[in-house]
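Notes for the one structure printed next.
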Amino acid sequence: MRLIQNADANLRLGYKKRIELGLIVSLCLLNVTFLTFQKSRNEIVIAAPEKIKEIKLEEIPQTIQRPKQQAPPKPTTFVESEDEELLDEETIDITDFDIEDIPPPPPPPPSDEGEDIIPFFAISEKPKVIGFEKDPFGVAVNKAIAKNLKYPDIARQASIEGKVFVQFDINTSGNPYNMRIVKDTSDGILGPSALESAQKLRFQPAVQNDRKVGLSNVTIPITFRLK
Numbered sequence: 281m282r283l284i285q286n287a288d289a290n291l292r293l294g295y296k297k298r299i300e301l302g303l304i305v306s307l308c309l310l311n312v313t314f315l316t317f318q319k320s321r322n323e324i325v326i327a328a329p330e331k332i333k334e335i336k337l338e339e340i341p342q343t344i345q346r347p348k349q350q351a352p353p354k355p356t357t358f359v360e361s362e363d364e365e366l367l368d369e370e371t372i373d374i375t376d377f378d379i380e381d382i383p384p385p386p387p388p389p390p391s392d393e394g395e396d397i398i399p400f401f402a403i404s405e406k407p408k409v410i411g412f413e414k415d416p417f418g419v420a421v422n423k424a425i426a427k428n429l430k431y432p433d434i435a436r437q438a439s440i441e442g443k444v445f446v447q448f449d450i451n452t453s454g455n456p457y458n459m460r461i462v463k464d465t466s467d468g469i470l471g472p473s474a475l476e477s478a479q480k481l482r483f484q485p486a487v488q489n490d491r492k493v494g495l496s497n498v499t500i501p502i503t504f505r506l507k
């Protein structure tokens, strides 16, 4: 007896096989995917270290700073003070007689009534300063000048110091005359005060060979100093 093939039955049988085959393939793919993912998770990737570039140190030249030049001081304007108080800080030094740095003295003035005029450095017995007769000539002059000398207010306020050389002659009566300033380091600021004080000096005449004589070119250096 011959069997007759049913097309619908064959189709259902093939469909079932194809479903089974698809499931098998799907499971295989899923398994492969899972294993691949698990392997990638277990792998630790270590990055290669970057190559360190060579660092060059350059020497920086040292900069030398030059000191700034200070501007010259502004000129001082002198203002006379109305304060008449004497300051205890001012001192006036009157040094012993010295002819260094002094211009050559003028020739002795012509004598009056036959007076003998002798240069100061050549006299044997120096004159005495009235009021200080017991002191040596230099010490006596210092005391007499310091007694009458005033520090100019204009110089004191501007802190001006200096030295003034006053030169004069003495006649046979002991009176000084021909007063002049031969050197003033203060440019004329301290000179008038020094000259005024020197004009108040009075002397006992000098003696040479038991005779009263006049003197020429007596020089007094007067130093003005503030402390």
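Using the numbering used here, read the sequence shown as starting at 281 and increasing by one per residue.
The beta-carbon is built from N, C-alpha and C at its ideal position, and this holds for glycine as well.
Hey, how far is the Cα of residue i from the Cα of residue j?
i: D467; j: D490; result: 42 Å
i: M459; j: P399; result: 15 Å
i: A478; j: N428; result: 8 Å
i: V462; j: V444; result: 8 Å
i: I469; j: L506; result: 15 Å
i: T465; j: G442; result: 5 Å
i: S473; j: Y431; result: 7 Å
i: K297; j: L310; result: 20 Å
i: A435; j: A424; result: 22 Å
i: P485; j: G471; result: 26 Å
i: E300; j: S306; result: 10 Å
i: P388; j: E413; result: The pLDDT assigned to P388 is 48, lower than 50, so where the model puts this residue is not dependable, and the model offers no usable value.
i: Y295; j: T313; result: 27 Å
i: L315; j: I304; result: 17 Å
i: S439; j: D433; result: 10 Å
i: A426; j: I502; result: 9 Å
i: P384; j: T452; result: Residue placement at P384 cannot be trusted, given a pLDDT of 47 that sits under 50; what the coordinates show is reported in the next sentence. Taking the straight line from one Cα to the other gives about 23 Å.
i: Q437; j: Y457; result: 32 Å
i: C308; j: G302; result: 10 Å
Is residue i helix, strand or coil by DSSP?
i: G302; result: helix
i: L307; result: helix
i: K414; result: coil
i: K408; result: strand
Suppose contacts are defined by Cβ-Cβ distances below 8 Å. Is residue i in contact with residue j by that definition?
i: D449; j: L481; result: no
i: G454; j: P407; result: yes
i: F504; j: I410; result: no
i: E405; j: V498; result: no
i: V421; j: I500; result: yes
i: V446; j: L475; result: yes
Tell me where the beta strand (DSSP E) around residue i begins and ends.
i: A486; result: 486 to 488
i: I440; result: First-last for I440: undefined, no H or E at that position.
i: N451; result: Run containing N451: none; DSSP gives neither H nor E here.
i: G494; result: 491 to 506
Grab the span of the alpha helix (DSSP H) containing residue i for me, first residue to last.
i: I425; result: 417 to 428
Checking contacts by CB at 8 Å: is residue i closer than that to chain C?
i: D467; result: No chain C is part of this structure, which consists of one protein chain only.
>> Ignoring anything shorter than 3 residues, give me the beta strand (DSSP E) runs that lie fully in the stretch 454 to 480, in order along the chain.
In response: 456 to 464
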